[in-house]
Ligand SMILES: Nc1ncnc2c1ncn2[C@@H]1O[C@H](COP(=O)(O)OP(=O)(O)OP(=O)(O)O)[C@@H](O)[C@H]1O
Ligand SMILES: [Mg+2]
């Protein structure tokens, strides 16, 4: 009986129609949910954050997972995407009259981030590992202090009053498109080359891989995605400041990637979802709401201590969770494995799966 | 007709001259061996030809094209393939991917086609898969195509390295100690295999080997290195009776 079920489940996953059907369904839902308030506004907000975080995790996974480098710069690329798109929607483009200018602004945010991604790609030709990680960290700090010191970008106080242009269909559109593009990249000669570079850069060169070009493409695609995520994020939160895009933001993305699994798109989607939901559950208000059914002699002391100090606890619980994952699944939940539906038909037989 | 000419090539590591005044005239279709004691500079010669190190002196021409100063991937794309003395597979990738990766330069599609899976992408990827499977079948590796390279037994890893080197469609194949760690029976098989792929793929082969049986058995010409210098070049018979060689090299290998 259960064997039969597993068989059916597997054949469902193998089905070529699965992903297109899910996409159509999701796109439909992304319109229906806000239209008919199928979920509370709060849940809708979290769903949008999940989408944005999926983009970020997939983007970082390209560099940290597939290529085996360690980038701390992604909050910086996010900031670049966020600030450039916000400048466009607030000062340049008449978005209020022409709503379709919003995706243009988001796209340009991604392009500007991609151009800066080249700046990281160049040192990666010479240095690897820890040294490159330090360079990406320096990049993040430079971006942050530049924004802080430029007045028309709001300085350290940030930019309030951004229009709320990020809607659920847009989040769905960008998430699906970018995951698709990164997936295509991964399953092309460039993606294979990226993984070969992770394994042995010199051997890759000797097998005719143009490692410089491939690194260029990988860093640009990765920072492009992070820039798009930043643009969507800014127009959802409606406020940006340099502090939002500091090292903790980069760490958040790192956790999503390593939790879900390196070199796996399915893993990144999983990691981003789990992490976003966990963070929300660990908020005092959410926790209080979740536990409100407890009798008051239990709830009140909990409320007085744990729940109100959850912000601090969160800083303990999340890293602990990460340590546990690293101990038991050193490569994350789906490390180096892939969701079958993402693997192009011709590659299926070729793909290693454990 | 020469396919590869090296002219007075030299290379130093710090103060150490690993290779001095190295000359080579490799003919199209030839099977040539490089021998010499440990540290003689044999692997360094391969690294100079393939661009891993930049020759500090001299010039090398492959099919008439100067290759000193070119990047390793450019030299590989000119169709010089190689294996490594210490196996260097892409360990965490599948056997098939190891071979597919080496098709990089010949995969005739650009980044946009790659990002969108449009245009020449489908056709080229299918061609690469087919060719990779063909190469794996030659080396009896098709059964393990989906395994991670690191999980293969040593002998299969050696074979996979040759299959991967062939995936760049080389005209010149450099084999660095292909028989290392093999028993006499496996060496016999390897000798047949090398001669067979040479015919099948129209290869010129330059190989480094310590196993005299293999070198004397299949090489048409042999060049002997010692302390980075060339002691002798000639047919196996000439080398076996060369006094300097006997003194410097064969003397060290009892019964060699
Ligand atoms: N990257 C390097 N840096 C410094 N010295 C090196 C380097 N590579 C090789 N050498 C030195 O250059 C000399 C030649 O080394 P090479 O590896 O070419 O020898 P080989 O003939 O291949 O020896 P073996 O038979 O042991 O493989 C040796 O003295 C070696 O120590
Ligand atoms: Mg050697």
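Residue numbers (the numbering used here), protein chains in the order written: chain A, 1 to 354; chain B, 1001 to 1256. Backbone N, C-alpha and C fix where the C-beta goes; we use that ideal spot for every residue, glycine too.
Legend entry - Distance, residue 1046 of chain B Cα to residue 1060 of chain B Cα: 12 Å
Legend entry - Collapsed DSSP secondary structure at residue 1018 of chain B in the structure displayed: strand
Legend entry - Chain-order list of residues whose beta-carbon lies under 8 Å from that of residue 1050 of chain B (same chain, five-residue window excluded): 1072, 1075, 1076, 1080, 1082, 1174
Legend entry - Partners in chain B for residue 184 of chain A, counting only beta-carbon separations shorter than 7 Å: 1114, 1115, 1116, 1117
Inset, instruction - Taking residue 1033 of chain B and residue 1209 of chain B to be in contact with their CB atoms under 8 Å, please state how far apart those CB atoms are, rounded to whole angstroms. - result: 6 Å
Legend entry - For residue 1009 of chain B, the first and last residue of its enclosing alpha helix (DSSP H): Premise fails: residue 1009 of chain B lies in the beta strand (DSSP E), 1002 to 1013, not in any alpha helix (DSSP H).
Inset, instruction - For the region 191 to 200 of chain A and the region 62 to 74 of chain A, state whether three or more C-beta atom pairs, one from each stretch, are separated by less than 8 Å. - result: yes
Legend entry - Contacts that residue 1086 of chain B makes with chain A (C-beta to C-beta distance below 7 Å): Correct list: empty, because the minimum Cβ distance to chain A is about 11 Å.
Legend entry - Within 8 Å, strictly: CB atoms of residue 366 of chain A and residue 117 of chain A: One cannot answer for residue 366 of chain A here, as it falls past the ends of chain A, which runs 1 to 354.
Legend entry - Closest Cα partner of residue 110 of chain A within the set A:139, A:329, A:91, A:76: A:76
Inset, instruction - Would you mind reading off the limits of the alpha helix (DSSP H) that contains residue 247 of chain A? - result: 247 to 260
Inset, instruction - For the alpha helix (DSSP H) containing residue 358 of chain A, list its first residue and its last residue. - result: Past the boundaries of the shown model lies residue 358 of chain A; chain A is included only from 1 to 354, so the question cannot be answered.
Inset, instruction - Please decide whether residue 1255 of chain B counts as near chain A, where near means a Cβ-Cβ distance under 8 Å. - result: Low local confidence applies: a pLDDT of 44 at residue 1255 of chain B is under 50, so the model's placement there is unreliable, with the coordinate-based value given in what follows. So no, residue 1255 of chain B is outside the interface.
Legend entry - Any chain B beta carbon closer than 8 Å to residue 121 of chain A: no
Legend entry - 7 Å CB neighbourhood of residue 1227 of chain B in its chain, flanking five on each side removed: 1040
Legend entry - Residue list, Cβ distance to ligand 1 heavy atoms smaller than 5 Å: B:1013, B:1018, B:1038, B:1039, B:1040, B:1041, B:1042, B:1043, B:1044
Inset, instruction - Could you spell out the range, first to last residue, of the alpha helix (DSSP H) harbouring residue 231 of chain A? - result: 211 to 237
Legend entry - Nearest to residue 162 of chain A (by Cα), restricted to the options A:251, A:337, A:85, A:340: A:85
Inset, instruction - Determine which residues of the region 199 to 217 of chain A have a Cβ less than 9 Å from any Cβ of chain B, and write them out in chain order. - result: 199, 200, 202, 203, 204, 205, 206, 207, 208, 209, 210, 211, 212, 213, 214, 217
Inset, instruction - Compare the C-alpha of residue 1095 of chain B against each of B:1142, B:1086, B:1170 and name the closest. - result: B:1142
Legend entry - Cβ of residue 66 of chain A within 8 Å of any chain B Cβ: no
Legend entry - Closer than 7 Å at the beta carbon, the chain B residues around residue 192 of chain A: 1097, 1100, 1101
Legend entry - Residue-level contact to chain A via CB, residue 1002 of chain B, 8 Å cutoff: no
Legend entry - Opening and closing residue of the alpha helix (DSSP H) in which residue 111 of chain A lies: 101 to 126
Inset, instruction - For residue 195 of chain A, return the contacting residues in chain B, with the cut-off set at a CB-CB distance below 9 Å. - result: 1090, 1092, 1093, 1097, 1101
Legend entry - residue 1050 of chain B: contacting residues in chain A (beta-carbon distance under 8 Å): 206
Legend entry - Sequence-distant residues of its chain with Cβ nearer than 6 Å to residue 1253 of chain B (five each side left out): With a pLDDT of 49 at residue 1253 of chain B, under the threshold of 50, the modelled position of this residue cannot be trusted, and the question is left open.
Legend entry - CB-CB length for residue 1200 of chain B against residue 1003 of chain B, believed under 8 Å: Residue 1200 of chain B to residue 1003 of chain B, Cβ: 18 Å. No contact.
Inset, instruction - Tell me whether residue 1193 of chain B sits in a helix, a strand or coil according to DSSP, three-state version. - result: helix
Legend entry - residue 1087 of chain B: CB within 7 Å of a non-hydrogen atom of ligand 2: no
Legend entry - Segment contact, 8 Å Cβ cut-off, at least three pairs: the region 1007 to 1025 of chain B with the region 1219 to 1235 of chain B: yes
Inset, instruction - State yes or no: is the beta carbon of residue 124 of chain A nearer than 8 Å to at least one beta carbon in chain B? - result: no
Inset, instruction - Using the Cα positions of residue 1139 of chain B and residue 1195 of chain B, report the straight-line distance between them to the nearest angstrom. - result: 13 Å
Legend entry - Other residues of its chain near residue 1218 of chain B: CB distance less than 7 Å, five sequence neighbours each side excluded: 1031, 1191, 1194, 1195
Legend entry - Cβ of residue 1076 of chain B within 8 Å of any chain A Cβ: yes
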